[in-house]
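Residue numbers (my numbering), protein chains in the order written: chain H, 1 to 117; chain Y, 118 to 232.
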């Protein structure tokens, strides 16, 4: 099976708290890519990060950090010192092989994050 | 660079009517995707084009949905006739190299309400 599981449906935190969004994936591909997208109330999907299956180096970008662990098939996302503007739905997605040497995205159901003042 | 353009932004129609959505991808992006996102769910791929050819339309309800990408640039997604369960956001995305991890850029989407 090829799927993405985001077990947390909704998370509510108070501003300045740290929060981690979990993502677990399954794939039969040896080469794949993982993504995180943010979807604010406006509806647009905003790209946050891409990680390929050969690069397990963790990444930090400002208040955002990502922990990729192939051993546990997880790609978790942490927001440090959360802010109200971080309130959104966050999607984890997996790019796998598709017909004709193409690729397709498989999406998790999303985690709705509410950061309260 | 300009992003993925979609129109209209919102559309309300009655069931059994027809509707069309338009998408203009990022210049040079050969791969174009249409997704349906029902409230509370992740996007579901409806159709994927590589240039003007269809790569994957396995989840497109072909009895009522159709899509085309003439000349390998703009694309149109049509629903005819619409059903209540088609109420969703329709997202268009494009990517540079067949989606090989180079990232997908999404448009703002068209929010369809079928009443």
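A virtual CB, placed ideally from N, CA and C, is assigned to each residue, including glycine. These numbers come from a predicted model, not from an experiment.
Using a CB distance below 8 Å, no part of the stretch 175-189 of chain Y faces chain H. Contacts with chain Y at 8 Å (Cβ-Cβ) include residue 44 (chain H). In this structure, DSSP gives residue 38 (chain H) an extended state, which the three-state scheme calls strand. Contact between residue 47 (chain H) and residue 222 (chain Y) holds: their C-beta atoms lie close to 7 Å from each other, under 8 Å. Spatial neighbours of residue 179 (chain Y) in its own chain (CB-CB distance under 6 Å, excluding positions within 5 residues in sequence) are not present. For residue 91 (chain H), the closest of H:44, H:68, H:14 and H:38 by C-alpha to C-alpha distance is H:38.
Neighbours of residue 223 (chain Y) across chain H, judged by C-beta separation under 7 Å: 44 and 45. Distance from the CA of residue 171 (chain Y) to the CA of residue 116 (chain H), rounded to the nearest whole angstrom, comes to 44 Å. As for any beta strand (DSSP E) of minimum length 3 sitting wholly inside the stretch 11-84 of chain H, the runs are 19-21, 24-26, 33-39, 46-52, 59-61, 64-69 and 74-79, ordered along the chain.
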